[in-house]
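To start, the structure under review is shown below, and the notes come after it.
In full-length UniProt numbering, the protein residues as written are 1 to 478.
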């Protein structure tokens, strides 16, 4: 009897456990009647409508290049046939004749997309550069020889035109509304596989890679052949041009970089008019403002662009900008990071008078500069080789007047040997020291006096190295 009672209790307990489990399952998969039977769980996006609408807007691009070879004397292309068949073959030319071989060979693959209904195509410059012929294949199989309207190597943008009407352009999206975590997709021809679709999310915005552009970083799978294809948002608008991947293997590793479409369209406006891009310049070289340099200069945050070199007789030089200045604003637009400056200046029309806010020796100044037109010319600054031992581990000597004149500076000292804190900070022999904190160095005696008077454990040296000038923090040993 006791065993039967115990058995019933166990059965009842198991039945209760099953009911609780079923109740939990029912709650998880509960259906909202007001949602017409749809689950409360959020579903993944469906890209089918976007693809159906825009698949015909993306094109495959193949480039060709000419090869010309000449065979002379012993390089007779028919030599092996003469050896095999014998010399009595009248149909073969003689080996001493010059035989040119002209043919076109495939150079590369890429993608592109229509930005207008009359046949203008946007792609990457590296897809079309050095090509003798550009072949564009549409989604319906039609093939055209494209005309290169213009290209810009700095932004890696190329504009093509084919003779076609009433094609389907992709709407241009608003890059300012792009946010990290948003879904995006790419259409292209990786490895020549036309109309391949991949998807992912935006990983970062304004990714600085040292290039001219602030890239959109995604984890969308991009491979060779995707270059020049569109990066699309969920509205079916193009927000970028797939351009690069970050990889150690040469293939996709989860990091893809796209050129923002607003930057690309600015380039397109120039290319359609003149086939090239006209950019502004002020004639300076710049570097990043580190946290240590910002602290030493009294900045509340690390921002701006540190001027490391000023081109002699360039726009900035004529306006009074000096090496060691920190550019904080350009035409009232804040320079949040140093790479912002060349992009903003480049977008400024040559000849315009712009106002630049700089920080110099702890004081903010507003300087007007007339914008020049960008070029690849540079003016190297030559140095000649260059006494006093001090607590920061430096031995320095005075600069000759000839050196000062060539460098266009009125003072400073030349580093002859480095040790201790200065060596640890990165100073090198033949560096030229121009200032300590906010005080210019006149000569060796003045330099020594400044060091003797300071009680700071950390201070900044304005250092000239080659044609570059930058602030370097020095921390004394305890």
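Don't be surprised by glycine CBs; every beta carbon is placed ideally from N, CA and C. Keep in mind the model is a prediction, meaning the values are calculated, not measured.
TODO: Identify, in the order they occur along the chain, each residue of the same chain with its Cβ nearer than 6 Å to the Cβ of residue 442, setting aside the five sequence neighbours on each side.
DONE: As a position in the chain shown, residue 442 is number 442, starting the count at 1. Apart from sequence neighbours up to five positions away, the residues of its chain that approach residue 442 with a beta-carbon distance below 6 Å are 411, ordered along the chain.
- [ ] State the DSSP-derived secondary structure class of residue 191, mapped to helix, strand or coil.
- [x] In the chain shown, residue 191 corresponds to position 191, counting from 1. Assigned with DSSP and collapsed to three states, residue 191 falls in helix.
Open item on the list: With a threshold of 8 Å, are at least 3 pairs of Cβ atoms found where one atom belongs to the segment 227-244 and the other to the segment 159-173?
Closed with: Segment contact: the segment 227-244 against the segment 159-173, three or more CB-CB distances shorter than 8 Å; contact assigned.
- [ ] Kindly indicate which residue of 223, 463 and 201 has the alpha-carbon position closest to the one of residue 216.
- [x] Your numbering for residue 216 matches position 216 in the chain shown. Per the Cα distances, 201.
- [ ] Grab me the residues of residue 125's own chain with a C-beta within less than 7 Å of its C-beta, minus the 5 sequence neighbours each way, in chain order.
- [x] Locating residue 125 in the chain shown gives position 125, counting from the first residue. Taking C-beta separations shorter than 7 Å and ignoring five residues to either side along the sequence, the partners of residue 125 in its chain run 151, 152, 153, 156, 157 and 158, following chain order.
Task: residue 460 versus residue 475 - alpha carbon distance - done: By one-based count along the chain shown, residue 460 stands at place 460. By one-based count along the chain shown, residue 475 stands at place 475. About 9 Å.
Open item on the list: Whole angstroms are fine: how far does the CA of residue 299 sit from the CA of residue 134?
Closed with: Taking the chain shown and counting its residues from 1, one reaches residue 134 at position 134. Taking the chain shown and counting its residues from 1, one reaches residue 299 at position 299. Cα to Cα, residue 134 sits roughly 52 Å from residue 299.
Task: Contiguous alpha helix (DSSP H) assignments of at least 4 residues, all confined to the segment 381-455 - done: Those alpha helix (DSSP H) runs which fall completely within the segment 381-455 and span 4+ residues are 401-407, 420-425 and 444-453.
Open item on the list: Count Cβ pairs between the segment 307-314 and the segment 176-189 that sit closer than 8 Å; are there 3 or more?
Closed with: Judged by Cβ distances under 8 Å, the segment 307-314 makes no contact with the segment 176-189, as fewer than three pairs qualify.
- [ ] Say yes only if the C-beta of residue 392 is nearer than 8 Å to one or more non-hydrogen atoms of the ligand FAD, and no if none qualify.
- [x] With respect to the ligand FAD, the structure shown offers nothing to examine, as it has no ligands at all.
Task: Spatially closest choice to residue 203 from 220, 192 and 189, by CA coordinates - done: Residue 203 sits at position 203 when you count from the first residue of the chain shown. The shortest Cα separation from residue 203 among 220, 192 and 189 belongs to 220.
Task: Continuous beta strand (DSSP E) stretch holding residue 147: start and end - done: For the purposes of this step, residue 147 is taken as residue 147 along the chain shown, with counting starting at 1. Taken as a continuous stretch (DSSP letters only), the beta strand (DSSP E) holding residue 147 covers 147-152.
- [ ] Return the residue from the list 365, 320 and 241 that minimises the CA-CA distance to residue 408.
- [x] Taking the first residue of the chain shown as 1, we reach residue 408 at position 408. Among 365, 320 and 241, the Cα nearest to that of residue 408 belongs to 320.
Task: Secondary structure, beta strand (DSSP E): runs of 3+ residues fully inside the segment 286-352 - done: Complete beta strand (DSSP E) runs here, min 3: 305-310 and 326-330.
Task: Residue range of the unbroken alpha helix (DSSP H) whose run includes residue 274 - done: For this step, residue 274 is matched to residue 274 along the chain shown. Here the alpha helix (DSSP H) through residue 274 covers 261-274.
Open item on the list: Please return the same chain residues whose Cβ sits closer than 8 Å to the Cβ of residue 398, not counting the five positions on each side in sequence.
Closed with: Position 398 of the chain shown holds residue 398. Hits under 8 Å: 413, 414, 443 and 444.
- [ ] Return the CA-CA distance between residue 165 and residue 120, expressed in angstroms with no decimal places.
- [x] Within the chain shown, the letter at position 165 stands for residue 165. Within the chain shown, the letter at position 120 stands for residue 120. The straight-line gap from Cα to Cα measures roughly 10 Å.
- [ ] Could you have a look at residue 482 and say whether DSSP puts it in helix, strand or coil?
- [x] Because the chain in this structure spans residues 1 to 478, residue 482 falls outside the shown range and cannot be described.
TODO: Name, in chain order, the residues that DSSP records as bridge partners for residue 458.
DONE: In the chain shown, residue 458 corresponds to position 458, counting from 1. Answer is 475.
Open item on the list: Is it the case that the segment 276-285 contacts the segment 341-348, given that we only count it when at least three CB pairs across the two stretches are under 8 Å?
Closed with: Enough Cβ pairs lie closer than 8 Å, so yes.
- [ ] Please report how far the alpha carbon of residue 429 lies from the alpha carbon of residue 464, in whole angstroms.
- [x] Here residue 429 refers to the residue found at position 429 of the chain shown. Here residue 464 refers to the residue found at position 464 of the chain shown. Near 11 Å, if we compare the C-alpha coordinates of residue 464 and residue 429.
- [ ] Given a cut-off of 9 Å, decide if residue 371 and residue 351 are closer than it, judged by their beta-carbon atoms.
- [x] Numbered from 1 along the chain shown, position 351 holds the residue referred to as residue 351. Numbered from 1 along the chain shown, position 371 holds the residue referred to as residue 371. It is a contact, given that the beta carbons lie within the stated cut-off.
Task: Distance between beta carbons of residue 137 and residue 498, contact taken as under 8 Å - done: Past the boundaries of the shown model lies residue 498; the chain is included only from 1 to 478, so the question cannot be answered.
TODO: Apply the 10 Å Cβ neighbour rule to residue 193 and answer buried if 16 or more other Cβ atoms are within range, or exposed otherwise.
DONE: Against the chain shown, residue 193 aligns to sequence position 193. Classification of residue 193: exposed, given that the 10 Å Cβ count is below 16.
Task: CA-to-CA distance, residue 467 to residue 313, given in whole angstroms - done: One-based indexing of the chain shown puts residue 313 at position 313. One-based indexing of the chain shown puts residue 467 at position 467. Computed Cα separation, rounded: 15 Å.
- [ ] Kindly indicate if chain B contains any beta-carbon less than 9 Å away from that of residue 50.
- [x] The displayed structure is made up of one protein chain only, and chain B is not part of it.
Open item on the list: Does the segment 329-338 come into contact with the segment 261-275, if we say contact requires no fewer than three beta-carbon pairs (one atom in each stretch) closer than 8 Å?
Closed with: No: fewer than three Cβ pairs fall under 8 Å.
Task: Own chain, CB closer than 6 Å to residue 437, minus 5 neighbours either side, in chain order - done: Here residue 437 refers to the residue found at position 437 when the chain shown is read from its first residue. Cβ within range, chain order: 459 and 460.
Open item on the list: On the DSSP bridge list, what partners appear for residue 258?
Closed with: In the chain shown, counting from the first residue as 1, residue 258 sits at position 258. Note: residue 258 sits in a beta bridge opposite 216 and 242.
Task: Helix, strand or coil at residue 53 according to DSSP, with G and I counted as helix - done: For the purposes of this step, residue 53 is taken as residue 53 along the chain shown, with counting starting at 1. Under the three-state reduction of DSSP, residue 53 is assigned to helix.
- [ ] Run the CB neighbour count on residue 44, radius 10 Å, all protein chains shown included, and call it buried at 16 or more, exposed below.
- [x] Indexing the chain shown from 1 puts residue 44 at position 44. An exposed status is given to residue 44, since fewer than 16 other beta-carbon atoms sit within 10 Å of its beta-carbon.
Open item on the list: With distance defined between alpha-carbon atoms, name the residue in 447, 63, 421 and 205 nearest to residue 472.
Closed with: Numbered from 1 along the chain shown, position 472 holds the residue referred to as residue 472. When only C-alpha atoms are compared, the closest one is 421.
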